[in-house]
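In numbering that gives the first Met the number 0, the protein residues as written are 0 to 80.
Note that beta-carbon positions come from the ideal geometry of N, C-alpha and C, so glycine has one too.
Reading through the C-alpha cells given below for one structure.
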Amino acid sequence: MDELRSARLTKKFLMSLPSGLYLMSNLVGGDRDSVFREYVLSPLTEREKQWARIKLAGADNRLCRIFKTEKQACDWKISII
Numbered sequence: 000m001d002e003l004r005s006a007r008l009t010k011k012f013l014m015s016l017p018s019g020l021y022l023m024s025n026l027v028g029g030d031r032d033s034v035f036r037e038y039v040l041s042p043l044t045e046r047e048k049q050w051a052r053i054k055l056a057g058a059d060n061r062l063c064r065i066f067k068t069e070k071q072a073c074d075w076k077i078s079i080i
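Below, the structure is given as C-alpha cells:
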C-alpha cells in the first residue's frame, strides 16, 4: 500500500509533516474528488497559507491521507473505485 498514514487534518498535524509529502482530504465534493489535495509546502509562511486553503475547502479537522507522491494518491483512489 502506498498510503503512509491516515489522520485528522489539524493545523498541528499539518505543521508537523515534512515538506514534500502529498496530502489528500477524505472529504469529497460533488465531482467525487477530494476537496483538498496538495503537496505539503515549505517554508512555514507558505504552510500558513496552505492551512487557510484547507479551512476554506472545509477539510480542516477531517480525515486525510498522506502519500509520498501525487501519483500514489491517484493510484490509491483508482484502486478503491
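Membership of Ile65 in the beta strand (DSSP E) is indicated by the continuous run 62–66. Remark: C-beta atoms of Ser15 and Ser24 do not approach each other more closely than 7 Å. Excluding sequence positions up to five before and after Val39, its CB lies within less than 6 Å of the CB of Leu16, Ser18, Leu20, Leu22, all in the same chain and listed in chain order.
Between Phe35 and Ala51, the beta carbon gap of about 11 Å keeps them out of contact (Cβ cut-off 8 Å). In the three-state reduction of the DSSP assignment, Ala58 falls in the coil class, being assigned neither a helical nor a strand state. Here the alpha carbons of Ile80 and Gln49 stand approximately 28 Å from one another.
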